[in-house]
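So the structure is just underneath, and the comments pick up after that.
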Amino acid sequence: MTLVHRARRICFVAAVLLPAACPVLRPQTNNHKNAYTSPPAPQAAVPLSPSPAGSGPSLAATMLYIEQKLSGLGRVSFVMPVHNLSQGSDGRVPWVWEYTNVIASASSCQIYIHEKGTVDGNVVVDKDYVVGLKDARDVIVEPMEQYVNKVNATAGNMNAVAGAPTPAVLALTVRGQGTGSHTFDFADADMAGRAARAFTHAIELCGGGSKELF
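In the numbering used here, the protein residues as written are 185 to 398.
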């Protein structure tokens, strides 16, 4: 199962201030005027290292843990400031992301989840996703504004620069072997860290992970 990148919502953030400059992103899966003159210096988003082979909880226990953590996300709400470099204008974009119907299957190494996302009052996502861990490479956790700016830059949306949202939110991204990925929003840093470790362990048990020999 190919990992799908939820890029549509990032494109929408750029479109709020750049309505004519928001290209369709391909799957890989404002507080103060002029506050963001350039993208903030990114923090290191280092993939977690897998546990030694054969150690840690079983796959069944790990997938149940992931299911519980994702189910606990519920509704994640935040407001993201965005600065338009070309126009010198600022905006504040409200986001609401809801996670329901989570099933983490140990037998298939897949996670089934429904997500509904609303950005600036517009529903941009309302669909089911399947995240396959056999196809996953690694997991990274980074500040939401860093994630948004990185995806916007990849799409060529260099004029829209996101600042730190209120409240702070972390993006946990499960990256695929190719260019696919899937991102979950966490309002709790401790929960994000625990979920990332669980994902990393599950990916290893499912036969995923980096295929590099050295």
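From the three backbone atoms N, C-alpha and C, an ideal C-beta is built for every residue, glycine too.
Just so we're clear, the structure is a prediction, and the values are computed from it rather than from any experiment.
Bounding residues of the alpha helix (DSSP H) (the contiguous stretch that carries residue i)
i: Q330; result: 328 to 338
i: M247; result: 243 to 255
Euclidean distance between Cα positions of residue i and residue j
i: I287; j: L254; result: 9 Å
i: W279; j: T350; result: 10 Å
i: G391; j: S261; result: 34 Å
i: T357; j: M247; result: 17 Å
i: A348; j: L354; result: 10 Å
i: L389; j: L243; result: 6 Å
i: K318; j: G240; result: 18 Å
i: A380; j: S270; result: 37 Å
i: M152; j: S365; result: Only positions 185 to 398 of the chain appear in this structure, which leaves residue 152 out of reach.
i: G301; j: K334; result: 20 Å
i: E299; j: G393; result: 25 Å
Nearest to residue i (by Cα), restricted to the options the options
i: N306; options: A348, W281, G360, S292; result: W281
i: E329; options: D312, M375, D319, V277; result: V277
i: M375; options: G272, I250, G360; result: I250
i: I295; options: V314, V303, G240; result: V314
i: A344; options: N268, A245, R259; result: N268
i: C293; options: E299, D304, A320, T367; result: A320
i: G150; options: E299, Y283, G258, V323; result: The structure shown does not extend to residue 150, since the chain spans only 185 to 398, so no value can be given for it.
Contact with chain E by residue i, beta-carbon distance below 9 Å
i: H298; result: No chain E appears in the structure shown, which is made up of a single protein chain.
N- and C-terminal bounds of the beta strand (DSSP E) containing residue i
i: Q294; result: 294 to 303
i: S289; result: 273 to 289
i: M264; result: 259 to 268
i: A344; result: 344 to 346
Status (buried if at least 16 other CB within 10 Å, exposed otherwise) for residue i
i: A337; result: exposed
i: A237; result: Summary for A237: the model assigns pLDDT 49, below 50, so the residue's position carries little reliability; its value from the coordinates is reported in the next sentence. A237 should be labelled exposed.
i: G256; result: exposed
i: G340; result: exposed
i: D369; result: buried
i: N285; result: exposed
i: D274; result: buried
i: R149; result: Any question about residue 149 goes unanswered here, given that the chain covers just 185 to 398.
i: A373; result: exposed
Bridge partner(s) assigned by DSSP for residue i
i: E388; result: Paired residue(s): none; E388 is not in a bridge.
i: D312; result: H298
i: H383; result: According to the sequence as given, residue 383 is Phe; it is not His. None, per the DSSP bridge assignment.
i: L356; result: V325, F368
i: N306; result: V303
Proximity test, residue i beta-carbon vs the ligand COA heavy atom, cut-off 8 Å
i: P265; result: The ligand COA is not among the ligands present in this structure, which contains no ligands whatsoever.
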